[in-house]
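Here is the structure we will look at.
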Amino acid sequence: MSIKKELFQQVRFKNLTLKNRFVRSAVWMQMASEEGHLTPELVDVYKKLADGGVGLIITGYAYIDINDQPNSRMIGMYDDTFIPEWKEVIDYVHKKGAKIALQIASGGSQTYIESAKHRKILAASAVLNRVTGILPEEMTKEDITHLIETYKQAALRAKQTGFDAIQIHAAHGYLLSQFLTPYYNRRTDEYGGTLHNRARLIYEIFSAIRSVLGCDFPIMIKLNFDDFMDNGEGLTFPESIEMFKHLDTLGVDFIEPSGTNESSGRGLKPAFSKIAQTTEKQSYFSIQVAQIAEQISTPIILVGGNRNIEVMGKLLNETNIQLFSLARTLFAEPYLINRWKENPDYIPKCIACNRCWDTTPNSCILNRKTK
């Protein structure tokens, strides 16, 4: 069997069986209603992804507290009204043989929505956010307890709705990521200082969710292996290894290591450079992520520039990386996985121009209709 074809073989991880090793990584599509409810346009996105052959779909991030919405037109899961509307999507995804996970998140001071000017913003510490210009209030112990409860309740709703898994978003500078980042976390209590303390909230959220979902329901975590910040301001790759090892011992089902946050342009350079279009610079987090995968037993998902099926096949065979996340390529071609399955030598349309991030809602400029 060729290394390319191995990517399309069914694979089982505990209680989650996937028809292939391709994952659609979480993307904020800017298509939900202002209150976070599904729209026909967003439903169509998920149906096309299911039609297109991907094994696992991770939704865009869902806000879990009505008072903590970091972006406009993002999906919500802050009360039970969201449960019925997702059933149509989930049933369709399952009909196509795919699985779907709900990503849940909190914004903290990395909040862009206009209404943030009129409400209290909480974060790890009262530190001015370099990107949004928001000066948040430091979270109290009571605030932290409330936050943990909101994650627990949102995860429970996801299970009741029929999602196959949930993913905790702890990357890219949002609230849980801010707790990991020394620049934004200057606490002197048990949630600040050492890496173990800075990661304590994530550990506690995971444990709280596990307590209500049980041992059989898959819980994923997406978090940075490096903030790519200078002068010791951010989480670094060497120290993050210990965090991944601890998550492994806790029993996390999948980890999707990522990098950078909105406060650091340096970490975005691999993704936003034309050189990323070359085969050598695709799958640009693979070196660090392969090192993580060697040291833990938790299945690892590689995200970042996965556009070459031969590169992914080689990584599957030569490292312990188990799954491969794609986003921009699926903006351009929702049916890409099926096209690869039919012709492993097929070259994707995506050219990594990143113009999809500049559109509202997110879409590939190659697919725009011209008048």
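First residue of the sequence shown? That's 283 in the working numbering, and the numbers climb one at a time after it. Using N, Cα and C, we set each Cβ at its ideal position, and we do this for glycine too. Quantities reported herein were computed from a predicted structural model and do not represent experimental measurements.
When the options are compared against residue i, the one with the closest alpha-carbon
i    : options                : result
M421 : A575, Q449, D508, G474 : G474
F510 : P520, E323, I503       : P520
R492 : H454, R303, I569, L438 : L438
L320 : V409, R610, F364       : F364
M313 : Y466, V327, N602       : V327
W310 : A387, I426, T427       : A387
I395 : G379, Y345, V293       : Y345
L331 : Q435, V305, S354       : V305
L501 : I578, P626, I450       : Looking at the sequence provided, one finds Ile at residue 501 rather than Leu. For the residues I578, P626, I450, the minimum Cα distance to I501 belongs to I450.
S540 : Q570, V534, L532       : Q570
L477 : R303, A380, L529       : L529
E538 : K329, Y343, A452       : A452
G390 : A436, K441, G455, K381 : G455
I372 : I416, S354, L338       : L338
D462 : Q435, V585, E524       : What sits at residue 462 in the sequence shown is Leu, not Asp. Of the candidates Q435, V585, E524, the one whose C-alpha sits nearest the C-alpha of L462 is E524.
P626 : N590, L597, R303       : N590
D347 : R355, Y360, S354       : Y360
L324 : N602, P630, F613, D512 : F613
T531 : S579, G516, Q564       : S579
Buried versus exposed, by CB contacts within 10 Å (16 or more), residue i
i    : result
C632 : buried
P352 : buried
T414 : buried
A558 : The predicted position of A558 is uncertain, since its pLDDT is 42 and thus under 50; a value taken from the coordinates is nonetheless stated next. Label assigned to A558: buried.
P418 : buried
E562 : Note that E562 scores a pLDDT of 48, beneath 50, so its modelled location is shaky; the value from the coordinates is reported in the next line. Flag for E562 reads exposed.
V336 : buried
N543 : buried
I357 : buried
I234 : In this structure the chain extends from 283 to 653, so residue 234 is not present and cannot be described.
V410 : In the sequence under discussion, the amino acid at residue 410 is Leu, which differs from the Val named in the question. Classification of L410: exposed, given that the 10 Å Cβ count is below 16.
H400 : exposed
P366 : exposed
S397 : exposed
A447 : buried
E615 : buried
P322 : exposed
K504 : buried
L300 : buried
F554 : Confidence at F554 is low in this model, with a pLDDT of 45, below 50, so its placement is unreliable and the value that follows should be read with caution. Burial call: exposed.
N467 : buried
K369 : exposed
N297 : exposed
T652 : Only weak support is given to the placement of T652: the predicted model assigns it a pLDDT of 40, under 50, and the value that follows is read from those uncertain coordinates. Exposed.
V534 : buried
N302 : buried
G496 : exposed
K556 : Confidence at K556 is low in this model, with a pLDDT of 39, below 50, so its placement is unreliable and no value can be given for it.
N649 : exposed
N506 : buried
N-terminal and C-terminal residue of the alpha helix (DSSP H) that residue i is part of
i    : result
E544 : First-last for E544: undefined, no H or E at that position.
R482 : 482-495
R621 : 618-624
I603 : No alpha helix (DSSP H) contains I603, which is instead part of the beta strand (DSSP E) from 603-608.
I285 : 285-288
S459 : 457-462
P322 : 322-333
G595 : 591-600
Identified DSSP bridge partners for residue i
i    : result
R294 : T299
G358 : Y345
A452 : L505
A447 : A383
I339 : R306, I382
The beta strand (DSSP E) enclosing residue i, as first and last residue numbers
i    : result
I574 : No beta strand (DSSP E) contains I574, which is instead part of the alpha helix (DSSP H) from 568-577.
R306 : 304-306
L584 : 582-584
Residue i CB to nearest heavy atom of the ligand FMN below 7 Å
i    : result
L529 : Only the bare structure without any ligand can be found here, which leaves the ligand FMN out of the picture.
Min CB distance residue i to chain D below 8 Å
i    : result
A614 : Looking for chain D here will not work: only one protein chain is present.
Residue ranges of each alpha helix (DSSP H) run of no fewer than 4 residues wholly in the segment 492-540, ordered along the chain? Taking 4 residues as the minimum length, the alpha helix (DSSP H) runs contained wholly in the segment 492-540 are 519-532, in order along the chain.
Quick check on the DSSP output: what are the complete alpha helix (DSSP H) runs of length 4 or more inside the segment 365-429, in order along the chain? For the segment 365-429, whole alpha helix (DSSP H) runs of length 4 or above, ordered along the chain, are 365-377.
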